[in-house]
Amino acid sequence: MNRQVKQVLGLSAFAAGCMALGMGLSHGWQASAQEERPVVVDAKGLDRLPPIAEVAEKLNPTVVAITNTSFVKNRRFEHPQVGGQDFFDFFFGPGGPQQRRTPRGGEDEQRAVSGGSGVIISPAGEILTNYHVIASMGGSDNALEVKTSDGKSYKATVLGKDKELDIALIKIDAAHLPFAKLGESDSLRIGEWVVAIGNPFGLEHTVTQGIISAKGRKLDTGVSSFLQTDAAINRGNSGGPLLNLKGEVVGINTAINPAGQNIGFAVPISQVNRIIKELRSGKPVSRGYLGIGPLELDQAYQDALGVKAGVVVSTVEKGQAADKAGVQRLDVITALDGQPVRSPEDLVTMVSSRRAGETLKLTLWRDGKSLTVTATLGDRKALEDQRRREAGEEPEDEQAPKPQGDLKSINLEKAYGFTVEPLDVKNRLKGVVVTSVDPRSPAADRGLAQGMVITEVGRQPVNSLAEFNAQVKKASGRTLLLFIQSPNGVQKVTLAIPPR
């Protein structure tokens, strides 16, 4: 009997143990199933807004407005301040002169004015902006003017420029200016807050905010891979800074997609940092060239070549760096100096960030094996200049424009930029008639135009060319206050013409 009881108790204990073990396993399986949870973010600081206002307040004084004036042949002139044809109609009636002529009877020229933004990066007046903001718009030369946040205006000179990166460094003659710190853009994360400041459509110091929408965007405008942002960027923002919440410059705003909304692009500041010394020196930017045609390693190439990551070499230019290093067509470049290469855009950015003459280790996948070769990079610009010469074109001039010297002569054309002649004796007015106005002169800035009649200098009537010349000589190179009339004497205005 006791033995039977012991057996029953033993079996009961075993069953209880099995049940407990089963329940435990079941609980474990249930717990394991519960661990498969959706991805969430343990965000902190949701009760605090990003310090956009503080960034705007502190960095606004570092942002400038840039005006670029070029002189383009054979276009209708419109006065930049008074307003186009209506201004000429005021003096001459509808159908009057529409262009100003050069003082020496050359081709008709128009003053073309565009605007952009820039950011001060040193207390001595160095300013970063876009190349396209400071480039001439088709004329023989151009002039740059910078307006700072305190309302002061300065003439600017170009220190250095890089057309491919769309970056330029200019300078104004000033000291102790507020300036922004250049940050770095390589560690930026998609979704990170950014602030853009600029002068869209002439609306100075406009602040917009957004996030980094994407990185590594290729726009077929050069060698740069751009940052994409949804911070509102419009015409006039070009050259202005894209800032992180520390107030550091992480990009230079440069382009928009006009077909979309809030799709803007900025040159990553890390790429600018690599060439800043060359920009300051005024020398052309040295940019490496490998000499291959890269292709995306899509699934078809992966299956055919037996590799999952890298860039396919589609073509190899004879005599260039890759050819000399032994790179072959259908090689797959998997890394440069040990850094993985994931796309053709990665490859172009990494190579172009190096200088001509630098060596680069290429990790290749060829016929099922990995190998490493060393290439000495060629000069991208030198190669492009050579191609231009072979095509019968002139290489692009990357030298900075030289500042014009002061013109001290009282000669009317040299001192003020216009010429006059005596009025026809049949004209009932007394004075002199303007025969030409240099569109590059202060006279053109103020609205003086061919055909206008000058009847007084200051408050002194001038009835002849001799009297006019005497008053100009008396002014000794100071501003001329001219009383102007239309040829029929109906319209009248006073213009202040400063010397050049």
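Be aware that the sequence shown starts at 388, since it is given in the working numbering, and climbs by one per residue. Even glycine gets a Cβ: it sits at the ideal position worked out from N, Cα and C.
If you follow the beta strand (DSSP E) that residue i is part of, which residue opens it and which one closes it?
i      : result
Ile871 : 867-872
Asp754 : Note, Asp754: premise wrong, no beta strand (DSSP E); not H, not E.
Asn644 : Segment: none, Asn644 is in no beta strand (DSSP E) and carries neither H nor E.
Ile599 : 593-604
Val807 : 805-809
Val545 : 540-549
Val654 : 651-655
Over the uninterrupted alpha helix (DSSP H) stretch that includes residue i, give me the two end residues.
i      : result
Pro671 : From DSSP, Pro671 is part of no alpha helix (DSSP H); its letter is neither H nor E.
Ile521 : 518-521
Leu446 : 439-446
Leu852 : 852-862
With distances taken between CB atoms, is the gap from residue i to residue j smaller than 7 Å?
i      : j      : result
Val880 : Ile871 : yes
Gly675 : Thr702 : no
Ala619 : Thr595 : yes
Ile599 : Ile557 : no
Val672 : Asp549 : yes
Ile439 : Val582 : yes
Ile584 : Val451 : no
Arg887 : Gly804 : yes
Ile453 : Gly512 : no
His563 : Pro510 : yes
Asp710 : Ala743 : no
Ser501 : Asn455 : yes
Arg827 : Phe458 : yes
Thr761 : Thr746 : yes
Gly623 : Thr516 : no
Thr822 : Glu808 : yes
Ala381 : Ile521 : Within the shown structure, residues of the chain are numbered from 388 to 887, placing residue 381 beyond reach of any answer.
Arg741 : Asp718 : no
Glu732 : Ser612 : yes
Gly638 : Leu614 : yes
Leu852 : Leu869 : no
Buried or exposed for residue i, going by 16 or more other Cβ atoms inside 10 Å?
i      : result
Ser574 : exposed
Asn337 : This structure gives no information on residue 337, because the portion of the chain shown stretches from 388 to 887.
Leu590 : exposed
Leu758 : exposed
Phe588 : exposed
Asp560 : exposed
Gly678 : buried
Gly693 : exposed
Leu764 : buried
Glu441 : exposed
Asp537 : exposed
Val812 : exposed
Gln648 : exposed
Lys861 : exposed
Lys768 : buried
Arg424 : exposed
Arg498 : buried
Pro490 : Here Pro490 scores only 45 on pLDDT, less than 50, and its place in the model is too uncertain to base an answer on.
Ala722 : buried
Ser572 : buried
Quick one: what does DSSP say residue i is sitting in, helix, strand or coil?
i      : result
Ala883 : strand
Arg846 : coil
Ala836 : coil
Gln615 : strand
Glu628 : Before going on, a small fix: residue 628 reads as Pro here, not Glu. Residue state, collapsed to three classes: strand.
Thr535 : coil
Ile620 : coil
Ser828 : coil
Lys748 : strand
Asp772 : helix
Val659 : helix
Gly502 : strand
Ala530 : strand
Ala802 : helix
Glu665 : helix
Val738 : helix
Gly589 : helix
Gly876 : coil
Gly480 : Unreliable positioning characterises Gly480 in this predicted model, as indicated by a pLDDT of 38, which lies under 50. The coordinate reading is nonetheless provided below. It is coil, neither helix nor strand.
Comparing the C-beta of residue i with each C-beta of chain C, is any distance below 7 Å?
i      : result
Ile599 : The chain inventory of the structure shown lacks chain C, comprising one protein chain alone.
**Prompt:** In chain order, which beta strand (DSSP E) runs of at least 3 residues are fully inside the stretch 556-587?
**Reply:** 580-585
**Asked** Which parts of the stretch 672-735 are runs of the alpha helix (DSSP H), unbroken and 4 residues or longer, counting only runs that do not cross its ends?
**Response** 686-692, 708-712
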